[in-house]
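J.: If you scroll down you'll find the structure; I have some questions about it.
There are 2 protein chains.
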Amino acid sequence: MLNRVYNFSSGPAVLPEAVLLKAQEEMLNYCGSGMSVMEMSHRSKVYEEIIYGTEKLFRELMNIPSNYKVLFLQGGASTQFAAIPLNIGNKSGLVDIIGTGMWTNRAEAEARKFCAVNVVATSKDKTFTYIPETKREDFSPNADYVHICWNNTIYGTKYTDIPDVGNVPLVADMSSCILSEKIDVSKFGIIFAGAQKNIGPAGLTVVIIRDDLIGLHRESTPTMLTYEIQAKNDSLYNTPPTYSIYICKLVLEWLKDLGGVEKIQEINERKAKAFYDFLDSSKLFKATVYGKDRSIMNIPFVTGDEELDKKFIAAATEAGFVNLKGHRSVGGMRASIYNAMPEQGVYELVEFMKKFENK
Amino acid sequence: MLNRVYNFSSGPAVLPEAVLLKAQEEMLNYCGSGMSVMEMSHRSKVYEEIIYGTEKLFRELMNIPSNYKVLFLQGGASTQFAAIPLNIGNKSGLVDIIGTGMWTNRAEAEARKFCAVNVVATSKDKTFTYIPETKREDFSPNADYVHICWNNTIYGTKYTDIPDVGNVPLVADMSSCILSEKIDVSKFGIIFAGAQKNIGPAGLTVVIIRDDLIGLHRESTPTMLTYEIQAKNDSLYNTPPTYSIYICKLVLEWLKDLGGVEKIQEINERKAKAFYDFLDSSKLFKATVYGKDRSIMNIPFVTGDEELDKKFIAAATEAGFVNLKGHRSVGGMRASIYNAMPEQGVYELVEFMKKFENK
């Protein structure tokens, strides 16, 4: 009896049960090596197969062109908020950004330490409940890059179209949506993601970067934040987060077996539709985002009554639907339904909410 | 049948079998939470108990005074090589360093990006096979800090006495020896360590820092490298490497059950003595370090014949004594015998070497 709950945490988040079972099985002896993956030298043959295998799966699943490098780094998206301007913000020293909430706010503040920042558009006027429209003329033609956050974990919005930024490199934070839907990587200069939402455990950050953006860092960029150093060393300049990369590989294998990104996108859209359909028909629960910008990964909702929200969260927790509390900055509820959340979990939550509403 | 090998890797390195068994048992359901530690929100009550519990164990086992903070960070010691000057190298902008090999070389190069660096002493003249003697007058009285590497993983040397640096904060890299012997923390400004050698999996870096050294960073220090931000947020400014911290906690619990640092030091000294005694009596194998500076964690040795070294490594691997190859920069052999290497493993290796020598 596993007695597992349905875990709607926004991250670190639910992992596929098959992945955990495999990790459990291999914990003390990985593939006859006589040791745990945690105990392996990162420079051993057996580990090289893991890290290069993970890269290969990323390339395959995301259809990453050969002129992009895939880096396995540490420090989360927050470290990238500094690494990006320190690496590619040195030509004009101007950064364009689209403001869609806390994560772009943090990226903006960090970029201001090293660059001038121009906020092209923001959805702050409506508590970040939509993605601002932009057109090419809105962007600075001489910006070093444009920063966006593709899916907003806290507010539950996401881009549906890639902003037209002309020839300026587009940098996208995809922490909470990487591998959840098909993305044309060739349209981006950098895609980065903390692993702990959709691809693995906390402590791993994946950076997918176009070759021509490597080597543009300033002299004072810390070595560990320098893309050129990490790329030249295949992310093995120092010890990478070896076990997190291994779990990530198991997640990617699980996704591939399932049918890849196309298939998971279909499932994700079905899960999200079921949940939004219920919210839109409910008299008690309301979604906080409307229209095409709705995230298929993070769905915030409210009853409109804080006491009732609390009561609902407590009852849901009791029934095995956990981590439904909204982000501490916005309140209410939020169901994060990443790739690893089973369809059944969403349907059962909807059923539970229907019953709660009827009571 | 576990079929485990004796793993002498310099890091990531062997973990206590009891820790791996516990992690295996709890993989899908930690303490009735219905989820893996990997799946937990870092802001949940159940996870807070893990991270604060880990800190408590560190304080207890290392006898850390209350005017020190314990931070759980990412990026390895290499990231600290930049973080340290960016945080505490801003008053005189002068850093003193004692050169004892590759890791202090890297720390020196990184500090030079932000500060002036004075190499007080170095053991480069004898391939870093000893710790240079220093006296108080050798150090710059106005230096912002003195950087040393307490135990040198590659060359197998370690300090036995704390250098007398006067009132200047002493910063020590203890990646390969933290918790292996009693250390008077109050004599140091900062102690830092990558976890992957003696306390857990790769991807976690522990920083123990005296209160008065917090808040001295420059404005352009990346947020994630700023000790003040990390200290104020109890290492929860963003998502920490949650699972690595959990494994670290299991290792600390194992160490406490065993009898703490005093007890493990006794065992470590016994293991090292057995190995050095054999090397000193052998006609085939020779230690590369002599005298009081010998590390009790990393023991490099050679036969004096490269072909024979290779033959020995192959035979040892075949017999289940793995990762005995020396660092790629120095060659020969190296046995890393961290806390988690069972005494039996060392004795069996010595027996194997005796037999190899007799053949």
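From first to last, the protein sequence lines stand for chains A and B. The numbering of the first sequence is my numbering, which starts it at 829 and goes up by one. The numbering of the second sequence is my numbering, which starts it at 829 and goes up by one. Each residue gets a CB set at the ideal place from its N, CA and C atoms; glycine is no exception.
Within the same chain, show all residues whose beta-carbon is closer than 7 Å to that of Phe-1129 of chain A, passing over the 5 residues directly before and after it, in chain order.
T.: Cβ neighbours of Phe-1129 of chain A beyond the five flanking positions: Leu-1107, Phe-1113, Lys-1114, Ala-1115, Thr-1116, Gly-1160 and Met-1161.
J.: Which whole-angstrom value describes the C-beta separation of Pro-969 of chain A and Gly-994 of chain A, a residue pair presumed to lie in contact below a C-beta threshold of 8 Å?
T.: 6 Å
J.: If you draw a straight line from the C-alpha of Thr-1049 of chain A to the C-alpha of Leu-914 of chain A, how long is it?
T.: The straight-line gap from Cα to Cα measures roughly 6 Å.
J.: Following the continuous beta strand (DSSP E) through Asp-1001 of chain A, name the residue where it begins and the one where it ends.
T.: 998–1001
J.: Using the Cβ count rule (16 or more neighbours within 10 Å means buried), how would you classify Asn-1096 of chain A?
T.: buried
J.: Please check if any C-beta of chain B sits within less than 7 Å of the C-beta of Asn-1066 of chain A.
T.: yes
J.: Residues in the same chain with beta-carbon distance under 7 Å from Asn-891 of chain A, minus the five sequence neighbours each way, listed in chain order, please.
T.: So the qualifying residues of the chain are Val-1013.
J.: Determine the direct distance from the alpha carbon of Ala-1168 of chain B to that of Leu-1083 of chain B, and round the result to whole angstroms.
T.: 9 Å
J.: Nearest by alpha-carbon distance to Ser-1157 of chain A: which of A:Ser-1072, A:Leu-885, A:Thr-955 and A:Ser-920 is it?
T.: A:Thr-955
J.: Quick one: which chain A residues come within Cβ less than 7 Å of Met-1052 of chain B?
T.: Residues of chain A passing the Cβ test: Gly-903, Ser-906, Thr-907 and Ala-910.
J.: Using the Cβ count rule (16 or more neighbours within 10 Å means buried), how would you classify Glu-938 of chain B?
T.: buried
J.: Enumerated in chain order, which unbroken segments of the beta strand (DSSP E) with a length of 3 residues or greater are wholly contained in the region 1021–1049 of chain A?
T.: 1033–1038
J.: Using a Cβ-Cβ cut-off of less than 9 Å, list which residues of the region 921–950 of chain A approach chain B; keep chain order.
T.: Arg-934, Ala-937, Glu-938, Lys-941 and Phe-942
J.: Excluding the five sequence neighbours on either side, which residues of its own chain have a C-beta within less than 7 Å of the C-beta of Pro-1069 of chain A, listed in chain order?
T.: Result list for Pro-1069 of chain A: Gln-902, Gly-1031 and Leu-1032, in chain order.
J.: Cβ of Ala-1030 of chain A less than 7 Å from any chain B Cβ?
T.: yes
J.: What are the residues that DSSP puts in a beta bridge with His-870 of chain B?
T.: Partner(s): none; His-870 of chain B has no beta bridge.
J.: I want to verify the contact list: residues of chain A whose CB lies under 8 Å from the CB of Thr-957 of chain B, in sequence order.
T.: The contacting residues do not exist; Thr-957 of chain B stays about 23 Å from chain A at best.
J.: As a quick exercise: from A:Lys-1187, A:Phe-967, A:Ser-1123 and A:Pro-1170, pick the residue whose alpha carbon is nearest that of Val-947 of chain A.
T.: Out of A:Lys-1187, A:Phe-967, A:Ser-1123 and A:Pro-1170, A:Phe-967 has the C-alpha closest to the C-alpha of Val-947 of chain A.
J.: My output table needs one value for Leu-1177 of chain A: the three-state DSSP class, helix, strand or coil.
T.: helix
J.: Report, in whole angstroms, the separation of the C-beta atoms of Ile-926 of chain B and Ile-990 of chain B, which I expect to be a contact under 8 Å.
T.: The pair is not a contact, with the Cβ atoms about 12 Å apart (cut-off 8 Å).
J.: Less than 7 Å separating the beta-carbons of Phe-886 of chain B and Val-898 of chain B?
T.: yes
J.: Considering just the uninterrupted stretch of the alpha helix (DSSP H) at Met-863 of chain A, what are its terminal residues?
T.: No alpha helix (DSSP H) contains Met-863 of chain A, which DSSP labels as neither H nor E.
J.: Give the residues of chain A in contact with Ser-1048 of chain B, contact being defined as C-beta atoms less than 9 Å apart.
T.: The answer, in chain order, is Lys-941, Phe-942 and Ser-1048.
J.: Does DSSP put Pro-913 of chain A in a helix, a strand or coil?
T.: Helix.
J.: Can you tell me whether Asp-924 of chain A is helix, strand or coil according to DSSP?
T.: Asp-924 of chain A falls in the strand class under three-state DSSP.
J.: Determine whether the Cβ of Gly-862 of chain B lies closer than 7 Å to any Cβ atom of chain A.
T.: yes
J.: For the alpha helix (DSSP H) that Ile-1124 of chain A lies in, which residues bound it at each end?
T.: For Ile-1124 of chain A, there is no enclosing alpha helix (DSSP H), since its DSSP letter is neither H nor E.
J.: Would you say Gln-1058 of chain A faces chain B, with C-beta separation under 7 Å as the test?
T.: Under the Cβ distance rule, Gln-1058 of chain A does not count among the residues neighbouring chain B, no pair being separated by less than 7 Å.
J.: Starting from Ser-1164 of chain A and walking both ways along the alpha helix (DSSP H), at which residues does that stretch end?
T.: Here Ser-1164 of chain A belongs to no alpha helix (DSSP H); instead the beta strand (DSSP E) covers 1161–1164.
J.: Note down the Cα distance separating Val-1035 of chain B from Trp-931 of chain B, rounded to an integer number of angstroms.
T.: 17 Å
J.: Excluding sequence positions up to five away, which residues of its chain have a Cβ less than 6 Å from the Cβ of Val-847 of chain B?
T.: The answer, listed in chain order, is Leu-1078, Val-1079 and Trp-1082.
J.: At a cut-off of 6 Å, is Ser-920 of chain A close to the ligand ZN when judged by its beta-carbon and the heavy atoms of the ligand?
T.: As presented, the structure is devoid of all ligands, the ligand ZN included, so that no description of it is given.
J.: Could you check the C-alpha separation between Met-829 of chain B and Lys-850 of chain A for me, to the nearest Å?
T.: Because Met-829 of chain B sits at a pLDDT of 47, beneath the cut-off of 50, its placement in the model cannot be relied upon, and the following sentence gives the value as read from the coordinates. Answer to the nearest angstrom: the Cα atoms are 18 Å apart.
J.: Could one say the Cβ of Leu-899 of chain A lies closer than 7 Å to chain E's Cβ atoms, at least one of them?
T.: The chain labelled as chain E is not found among the protein chains of the depicted structure, namely A and B.
J.: For Tyr-1121 of chain A, I'd like the list of residues in its chain whose CB is within less than 6 Å of its CB, leaving aside the five on either flank, ordered along the chain.
T.: It is worth fixing the name first, because residue 1121 of chain A is Asp in this sequence and not Tyr. Hits under 6 Å: Tyr-958, Ile-959 and Thr-985.
J.: Looking at C-alpha atoms only, which residue of B:Lys-1187, B:Lys-1138 and B:Ile-1124 is the closest neighbour of Asn-1026 of chain B?
T.: B:Ile-1124
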